[in-house]
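Enquirer: Position 182 of the sequence shown, counted from 1, bears residue number 181 in numbering that gives the first Met the number 0, the numbering being contiguous throughout. C-beta atoms are modelled at their ideal positions from N, C-alpha and C, and glycine is treated no differently. Sharing a structure with you now.
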Amino acid sequence: MNEASLTRHYSPSRTVKVGTVVIGGDAPVTVQTMWKTPLAGTNPQEIITGIQRLQKAGCALLRFAVPSLEEARLLIELQKRSPLPLVADVHFDHRIALACITGGIPKIRINPGNIGGADKAGEVIRAAKEFGVALRIGVNAGSLPRLLRNDKNTVKAMLMAAEEERNILERYGFYDAVFSFKSSDVETTIRVNRLFRERYDYPLHLGVTEAGPLIPGIVRNTAALYTLLTEGIGETLRVSLSSDPLDEVATGREILKTSGRPVGGVTVISCPTCGRSSFPVRDFYERVKQELDSIEKEVTVAIMGCPVNGPGEARHADLGITGAGKQAVIFKKGKVLRRELIENAFEAFVKELRNL
Ligand code: SF4
0 MNEASLTRHY
10 SPSRTVKVGT
20 VVIGGDAPVT
30 VQTMWKTPLA
40 GTNPQEIITG
50 IQRLQKAGCA
60 LLRFAVPSLE
70 EARLLIELQK
80 RSPLPLVADV
90 HFDHRIALAC
100 ITGGIPKIRI
110 NPGNIGGADK
120 AGEVIRAAKE
130 FGVALRIGVN
140 AGSLPRLLRN
150 DKNTVKAMLM
160 AAEEERNILE
170 RYGFYDAVFS
180 FKSSDVETTI
190 RVNRLFRERY
200 DYPLHLGVTE
210 AGPLIPGIVR
220 NTAALYTLLT
230 EGIGETLRVS
240 LSSDPLDEVA
250 TGREILKTSG
260 RPVGGVTVIS
270 CPTCGRSSFP
280 VRDFYERVKQ
290 ELDSIEKEVT
300 VAIMGCPVNG
310 PGEARHADLG
320 ITGAGKQAVI
330 FKKGKVLRRE
340 LIENAFEAFV
350 KELRNL
């Protein structure tokens, strides 16, 4: 818990329903991601298999770029087979948003300010209200409305853009909206989300945009999202990485775990290894990863390089493994459970994992 979380208290946000998923209120913070290839030209079965993998990894919502009416049609067909609620990301052409709304897509990411004028925005909002579809208003520092683009105070400009969008929605009596404020700058992302939460109770979708490739991206996302989550800000999140969506979901879940949110599944602790190591920590983790990912129960698993610090440093682990010469030692809450030859360690460990 950081100092800010000791001083800030926010009431739960209002709730917004997206198909079977609830965002906000007392619902757990959800992790979402975005599909990274064009809908047109990708085999639908390939996408369904990808969605199933993402769901298994802990993804609750999946967003698709929908730049044409043809792709809206493909998304609608996909939603009929998808185990996850899908989100359409629509810009400029209100007909695409209308097609998605009337076709059964439960959430649209849209900015009423860039959908072709007040009348067209009104049509979309009225349709969303009629069909019970949620809207996400995404305010990005890099694509602010023209009048606000040159404002040197980016945080203020982002808030003004959001307020304008909120006014449009509320003029139509529409409140099923989630807002997001994304910047590639961590500090800006934190400040603008804090200020919005102080003023409004709409759920916030957290994220850092253009965060970069895997390692720098994880660092930037974690810095911003951990800070906000430990202050009680954020009802859903997407970690943006120039990497596989599965990496985005895994990172999102780790950030939630680190910030003390219950997400279920395994927390892995492992040592970095050193000259004392007699166990192939990294290779073993890669081998056992799939098995670990399939566990829904909230447990801690340790993979350590040697017995000197192994079971001791990982004494709180529900199950652990370490090396001792040619043997692997499997331990539970710091107590040795069994010893196996290293070559038999995988099977023995998996057996114990399944007994957890
Ligand atoms: S647990 Fe053993 S191998 Fe791992 S870092 Fe500590 S001393 Fe080194």
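Decide yes or no for the touch test of the stretch 230-238 against the stretch 17-33: beta carbon pairs closer than 8 Å, at least 3 of them.
Expert: The stretch 230-238 is in contact with the stretch 17-33.
Enquirer: Could you check what DSSP says for Ser-269 in three-state terms: helix, strand or coil?
Expert: Of the three classes helix, strand and coil, the one that applies to Ser-269 here is strand, per DSSP.
Enquirer: What does the Cβ neighbour count give for Ser-12, buried or exposed, with the cut at 16 atoms within 10 Å?
Expert: So Ser-12 counts as buried.
Enquirer: When the Cβ atoms of the stretch 167-176 are set against those of the stretch 203-222, are three or more pairs found closer than 8 Å?
Expert: At 8 Å Cβ cutoff, the stretches do not touch.
Enquirer: For my contact list, Val-89 and Arg-62 are in at a C-beta cut-off of 8 Å; report their separation, rounded to the angstrom.
Expert: With a Cβ gap of about 10 Å, Val-89 and Arg-62 do not count as contacting.
Enquirer: Which whole-angstrom value describes the C-beta separation of Ile-46 and Leu-77, a residue pair presumed to lie in contact below a C-beta threshold of 8 Å?
Expert: Ile-46 to Leu-77, Cβ: 6 Å. Contact.
Enquirer: Can you give me the Cβ contacts of Gly-263 inside the same chain, cut-off strictly under 6 Å, excluding the 5 residues immediately before and after it?
Expert: Glu-295 and Glu-297, listed in sequence order.
Enquirer: Pull up the DSSP beta-bridge partners for Asn-139, would you.
Expert: In DSSP, Asn-139 forms a bridge with Lys-181.
Enquirer: Would you mind stating whether Thr-221 and Ile-254 have Cβ atoms separated by less than 8 Å?
Expert: Yes, Cβ-Cβ distance for Thr-221 and Ile-254 is below 8 Å.
Enquirer: Using only the heavy atoms of the ligand SF4, determine whether one of them is closer than 7 Å to the beta carbon of Met-157.
Expert: Outside the cutoff, so no.
Enquirer: Please go through the stretch 300-354 and give each complete beta strand (DSSP E) segment of 3 or more residues, from N-terminal end onward.
Expert: Those beta strand (DSSP E) runs which fall completely within the stretch 300-354 and span 3+ residues are 318-323, 326-331 and 334-340.
Enquirer: Answer yes or no: the CB of Val-307 versus the heavy atoms of the ligand SF4, is any distance below 7 Å?
Expert: Indeed, a heavy atom of the ligand SF4 lies less than 7 Å from the Cβ.
Enquirer: Could you tell me the distance, in whole angstroms, from the CA atom of Glu-290 to the CA atom of Leu-168?
Expert: If you take the alpha carbons of Glu-290 and Leu-168, they lie about 46 Å apart.
Enquirer: Of all the options Ile-104, Gly-103, Leu-134 and Val-335, which has the alpha carbon lying nearest to the alpha carbon of Ala-313?
Expert: Here the closest residue by C-alpha is Val-335.
Enquirer: Tell me the DSSP bridge mates of Ala-133?
Expert: Bridge partners of Ala-133: Lys-106.
Enquirer: Please name the residue, chosen from Cys-305, Gly-322, Thr-321 and Val-300, that lies closest to Asn-354 on a Cα-to-Cα basis.
Expert: For the residues Cys-305, Gly-322, Thr-321 and Val-300, the minimum Cα distance to Asn-354 belongs to Val-300.
Enquirer: Is there at least one non-hydrogen atom of the ligand SF4 closer than 7 Å to the beta-carbon of Thr-299?
Expert: It does not: the Cβ of Thr-299 is nowhere closer than 7 Å to a heavy atom of the ligand SF4.
Enquirer: Please state whether the Cβ-Cβ distance between Val-248 and Gly-57 is less than 8 Å.
Expert: Yes. Within cutoff.
Enquirer: Quick one: Cα of Lys-119 to Cα of His-93, how far?
Expert: Answer to the nearest angstrom: the Cα atoms are 6 Å apart.
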